[in-house]
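Okay, so here's the structure we're looking at.
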Amino acid sequence: MRLAALRRAGADRFDPPGYRFVEALLERARALDGGARARLDARASARLAALEAAFHRARADAMAELRALADAGVPDDGALAAALDRGELAAVVRAARRRLRERAAERQPTSVPWLARLRGEAAARDMRLPEPLARDLAELPCEGDVVERRVKRQAQALTSALSTALFHESLVSARATLAVARAADNIPEDAGPYNAQVLASRALCAAERLSGHYLRALVAGLQDLGALAAALEPEPERPARKKAAPRSGGEPGARRRAASKKASLVRGSR
């Protein structure tokens, strides 16, 4: 009964030679009688007790490693628990310790250059970042440029996206400032208060004073409308090419054949 219970617990996989030796002793003892059977039973019982003690110690150690893995926040896909039930205790311990080392390595701090500086620049400009980018930056665990190694790739990707957003915002801001300056410079000297260019310039200047964000959005929208209007305009028709007049005398080969034929007629008339 004890041997069968150990088998169900996975002792035959934990120590196959030891389990097989106990099983062989018990089979041999059943074939004997008297003192020989008693001696083999005693030997098998001692081996079985040693196997039980070693198995229970190893199982307790494996369960402790699994608890340490859970305490470290390492998710278990069920493979280690299944291996524990099968009695593969040494494999469970090795796998759990390897995962703990990997998690410890992932927790090591590393630096992502420019992350803190770009975030500070975006905050100083009061930029309205795209929602996914703003959310990921807010959820990124970091202190300045220092992040955990496990999120280094994510931090690098966010740094690149933030740099692109800042460049795009600078370009849009420069275009808006240039549009306001051009609108103010192109006003005719004799324009009245209700002149279209005067009104457009006043509107752009008022938008710039009220909100830089609104001005940039307004100029970007106007540029998009201008590009769309230009794209919808029909292309001017190109004048048809005139065919070149054929050269007098035809091709050089034809002229040579005509001259040869004329010389033949002259020789024949003689």
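Just so you know, the UniProt record's numbering puts 49 at position 49 of the sequence shown, and the rest follows in order with no gaps.
Glycine is no exception: its CB is placed at the ideal position from the N, C-alpha and C atoms.
Please confirm whether residue i and residue j have their CB atoms less than 8 angstroms apart.
i           : j       : result
Leu-166     : Asp-145 : no
Gln-197     : Ala-206 : no
Phe-14      : Phe-55  : yes
Val-180     : Leu-204 : yes
Leu-69      : Leu-6   : no
Ser-201     : Ala-183 : yes
Gly-10      : Asp-85  : yes
Glu-148     : Arg-119 : no
Ala-64      : Leu-80  : no
Asp-71      : Val-93  : no
Leu-3       : Glu-23  : yes
Leu-25      : Arg-47  : yes
Val-151     : Ala-220 : no
Asp-136     : Leu-158 : yes
Leu-215     : Glu-208 : yes
residue 341 : Asp-12  : One cannot answer for residue 341 here, as it falls past the ends of the chain, which runs 1 to 270.
Ala-122     : Leu-140 : no
Leu-89      : Arg-117 : no
Ala-83      : Ala-91  : yes
Taking the alpha helix (DSSP H) that residue i falls in, what are its first and last residues?
i       : result
Glu-88  : First-last for Glu-88: undefined, no H or E at that position.
Met-63  : 34 to 71
Leu-228 : 212 to 232
Glu-121 : 115 to 124
Ala-191 : Counting along the chain, Ala-191 falls outside any alpha helix (DSSP H), and DSSP gives it neither H nor E.
Arg-128 : Taken as a continuous stretch (DSSP letters only), Arg-128 belongs to no alpha helix (DSSP H), as it is neither H nor E.
Among all the DSSP beta bridges, which residues are the ones paired with residue i?
i       : result
Cys-142 : Val-147
Pro-109 : Glu-148
From what residue to what residue does the beta strand (DSSP E) around residue i run?
i      : result
Pro-16 : Not the beta strand (DSSP E): Pro-16 falls in the alpha helix (DSSP H), residues 16 to 30.
Indicate whether the contact test is met: 3 or more Cβ pairs, each with one atom in the stretch 155 to 165 and one in the stretch 129 to 147, closer than 8 angstroms.
Three or more Cβ pairs drawn from the stretch 155 to 165 and the stretch 129 to 147 lie within less than 8 angstroms of each other, which places the two stretches in contact.
Three or more C-beta pairs under 8 angstroms: does that hold for the stretch 95 to 103 against the stretch 28 to 36?
Segments in contact, no.
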